[in-house]
Amino acid sequence: MPERRTVALVTLGCARNEVDSEELAGRLEADGWQLVEDAEDADVAVVNTCGFVEAAKKDSVDALLEANDLKGHGRTQAVVAVGCMAERYGKELAEALPEADGVLGFDDYADISDRLQTILNGGIHASHTPRDRRKLLPISPAERQSAGAGVALPGHGGETDAAAPVEPVEAPADLPEGVAPVSGPRAPLRRRLDGSPVASVKLASGCDRRCTFCAIPSFRGSFISRRPSDVLNETRWLAEQGVKEVMLVSENNTSYGKDLGDIRLLESLLPELADVDGIERVRVSYLQPAEMRPGLIDVLTSTPKVAPYFDLSFQHSAPDVLRSMRRFGDTDRFLELLDTIRSKAPQAGVRSNFIVGFPGESEADLAELERFLNNARLDAIGVFGYSDEDGTEAATYENKLDEDVVAARLARVSRLAEELVSQRAEERVGETVQVLVESVGGEEGAYGRGAHQAPETDGQVLFTNFADFADFEGRTSGEGPIVGRIVEAKVVGTEGVDLVAELLPGSFGSLACSESEEAAR
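As numbered in our numbering, residues 4 to 524 make up the sequence shown, in order.
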């Protein structure tokens with residue numbers, strides 16, 4: 004019997020890329036490939052690249068070169084680039100980086116197994132010529148569902164009857180004419196690449212906004228929603244894999260449903276996701292402030308198991324800078340939005356990213372951004388210095404700031420952001436928080452995340468007394484919590500953006516493992 008082909012997936016960038024990698028893993032495993040964790044143990048190392056900003060592109064190139072260094076020293080015979088950078092640059096990347104044995108775009112994902120086999124056999128698969136993916140779908144959102152069958156949408160496809168059956172969900176009755184209803188049970192062609200109790204689910208792909216600094220729509224395409232039934236079925240499947248928290252991801256979740264005939268579809272979908280057996284928390288990421296609506300705020304702040312969490316893409320708060328970015332709002336309107344949210348959920352978590360040094364940004368504009376930050380009480384802040392992105396409108400602007408000015412402003416606002424998020428964390432001392440336990444044992448002890456903390460970006464909760472209730476192998480000791488459980492804890496201190504908390508033993512009674520869970524362990 005021939006030895007099985009092995010493949011390792013190395014994922015860079017955002018949670019959307021993580022979903023894409025798990026879809027690729029599902030496709031490869033279904034075609035007989037053995038998935039391995041380390042590139043050095045794989046016949047083929049597949050690097051899922053990020054093409055968003057220069058730093059991310061550099062990390063992607065470094066990962067490809069690092070994988071290439073394994074060739075000749077172990078099992079690795081080929082290195083292949085996929086993902087946003089591969090889609091965005093195609094032939095250009097292949098020519099600039101001959102160390103990559105293949106550069107595959109999104110259109111290759113459905114045939115990923117054949118592509119890798121060709122490369123592994125020494126053949127050449129021609130790298131694609133990049134194209135503006137916004138032109139692949141109709142301009143009218145209502146026409147996209149019926150026209151999108153032949154368009155590659157990573158993280159959307161892969162539904163197959165071959166997987167374990169799941170209960171079918173009826174498509175919404177108000178789908179536009181020409182959109183076929185979902186028929187029969189479908190489960191995702193997806194393979195989890197880690198054992199985390201948290202997983203992301205694609206809600207949509209692409210973006211219809213035309214922010215002058217962003218190239219993502221050109222290589223991710225126009226906005227197109229997944230059907231609610233597919234999102235629900237994938238969430239059910241993830242729950243069967245032991246996932247307790249799902250995070251809904253896309254380029255713009257506030258637009259979900261506009262191409263399905265109902266811009267308020269997210270408000271009706273969230274309670275259904277929260278009702279999925281086994282799911283303890285639903286989190287929504289990537290929200291546009293200009294598209295927030297009262298009904299969505301109400302659902303996010305009042306639905307059991309839906310985290311009152313707002314990942315709001317402010318980018319700046321000075322009106323002139325926002326208009327140059329082709330965005331909307333200002334400091335006072337943004338603060339009013341935050342007041343509305345906190346009037347409904349005082350403990351709500353809010354994070355955002357900001358660009359400093361944008362072309363034409365004045366000292367007065369920077370001071371206005373600092374005014375917003377000082378009053379916004381954000382839990383997490385990302386700050387980026389402006390740099391030109393290929394193919395964006397802002398790259399053509401003439402009023403660019405000197406690089407040293409951008410660097411100085413980046414350092415200045417980053418220092419302020421670090422101070423402010425530490426202050427916001429200190430405000431939470433004394434609060435009782437619901438914490439999803441993510442790790443027990445090792446040098447870091449035990450930690451998890453509160454409802455206001457998304458994975459990777461927003462800090463974590465460090466337990467001071469976890470050893471009193473659970474052993475350090477992640478199993479229960481009596482009625483103590485385990486990895487994947489949500490427990491109550493009281494915040495007693497902070498370490499920067501991280502919270503330090505004591506477990507509240509009174510919440511353990513309903514958290515004991517069932518006999519079936521114990522048997523599974």
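Built from N, CA and C at the ideal position, the CB exists for glycine as well.
Spell out the partners DSSP gives residue i in its beta bridges.
| i | result |
| --- | --- |
| residue 337 | Its beta-bridge partners do not exist; DSSP assigns none. |
| residue 450 | 442, 465 |
| residue 503 | 465, 496 |
| residue 105 | 83 |
| residue 205 | 252 |
| residue 491 | 437 |
| residue 387 | 358 |
| residue 37 | 9 |
| residue 14 | 51 |
Contact defined as beta carbons within less than 8 Å: I believe residue i pairs with residue j. What is the distance between those atoms, to the nearest angstrom?
| i | j | result |
| --- | --- | --- |
| residue 196 | residue 441 | With 8 Å as the limit, residue 196 and residue 441 do not qualify as a contact, their Cβ atoms being about 16 Å apart. |
| residue 347 | residue 301 | 7 Å |
| residue 490 | residue 502 | About 14 Å; that fails the 8 Å criterion. |
| residue 420 | residue 376 | 7 Å |
| residue 461 | residue 335 | No, residue 461 and residue 335 are not in contact; Cβ-Cβ is about 25 Å, not under 8 Å. |
| residue 308 | residue 487 | Wrong, their Cβ atoms sit about 15 Å apart, outside the cutoff. |
| residue 51 | residue 12 | 6 Å |
| residue 263 | residue 287 | Actually they do not touch by this definition, with Cβ atoms about 17 Å apart. |
| residue 464 | residue 450 | 6 Å |
Quick one: what does DSSP say residue i is sitting in, helix, strand or coil?
| i | result |
| --- | --- |
| residue 9 | strand |
| residue 496 | strand |
| residue 485 | coil |
| residue 312 | strand |
| residue 257 | helix |
| residue 395 | coil |
| residue 318 | strand |
| residue 29 | helix |
| residue 377 | helix |
| residue 48 | strand |
| residue 180 | Because the pLDDT of residue 180 is 43, which lies under 50, any placement of that residue in the model is unreliable, and the number read from its coordinates should be weighed accordingly. Three-state DSSP puts residue 180 in coil, outside helix and strand. |
| residue 227 | strand |
| residue 290 | strand |
| residue 211 | coil |
| residue 88 | helix |
| residue 20 | helix |
| residue 508 | helix |
| residue 136 | helix |
May I ask which residues mark the beginning and end of the alpha helix (DSSP H) holding residue i?
| i | result |
| --- | --- |
| residue 300 | 297 to 305 |
| residue 236 | 231 to 243 |
| residue 424 | 406 to 430 |
| residue 284 | Looking at the DSSP string, residue 284 is not in any alpha helix (DSSP H); the run it does join, the beta strand (DSSP E), is 284 to 287. |
| residue 97 | 94 to 99 |
| residue 147 | 147 to 150 |
| residue 277 | 268 to 277 |
| residue 115 | 115 to 123 |
If you follow the beta strand (DSSP E) that residue i is part of, which residue opens it and which one closes it?
| i | result |
| --- | --- |
| residue 246 | Here residue 246 belongs to no beta strand (DSSP E), and DSSP marks it neither H nor E. |
| residue 355 | 352 to 359 |
| residue 70 | Note, residue 70: premise wrong, no beta strand (DSSP E); alpha helix (DSSP H) at 57 to 71. |
Give a yes or no on contact between the stretch 248 to 257 and the stretch 428 to 438, applying the rule of three or more CB pairs nearer than 8 Å.
Pairwise C-beta distances place the stretch 248 to 257 out of contact with the stretch 428 to 438, as fewer than three of them are shorter than 8 Å.
Hey, is the stretch 90 to 102 in contact with the stretch 130 to 139, meaning 3+ C-beta pairs nearer than 8 Å?
By the Cβ rule, the stretch 90 to 102 counts as touching the stretch 130 to 139, because three or more pairs are nearer than 8 Å.
Should the stretch 309 to 319 be regarded as contacting the stretch 405 to 416, the criterion being three or more beta carbon pairs within less than 8 Å?
Contact between the stretch 309 to 319 and the stretch 405 to 416 is absent, because fewer than three Cβ pairs lie under 8 Å.
Given 8 Å, three or more beta-carbon pairs between the stretch 320 to 331 and the stretch 344 to 364
The answer is yes - the stretch 344 to 364 touches the stretch 320 to 331, with three or more Cβ pairs under 8 Å.
Touch test, the stretch 141 to 157 against the stretch 62 to 80, Cβ-Cβ under 8 Å, three pairs minimum
Verdict: no, contact absent.
With three or more beta-carbon pairs closer than 8 Å as the criterion, would you say the stretch 266 to 276 touches the stretch 216 to 224?
Proximity of the stretch 266 to 276 to the stretch 216 to 224 falls short of the contact definition, fewer than three beta-carbon pairs being nearer than 8 Å.
So, do the stretch 18 to 38 and the stretch 201 to 209 have three or more beta carbon pairs nearer to each other than 8 Å?
Per the Cβ contact rule, the stretch 18 to 38 is in contact with the stretch 201 to 209 (3 or more Cβ pairs under 8 Å).
Using a Cβ distance threshold of 8 Å, determine whether the stretch 334 to 343 contacts the stretch 277 to 291, with at least three qualifying pairs required.
Counting Cβ pairs under 8 Å, fewer than three are found: no touch.
How about the stretch 69 to 76 and the stretch 85 to 95: do they share at least three Cβ pairs that are nearer than 8 Å?
No contact exists between the stretch 69 to 76 and the stretch 85 to 95.
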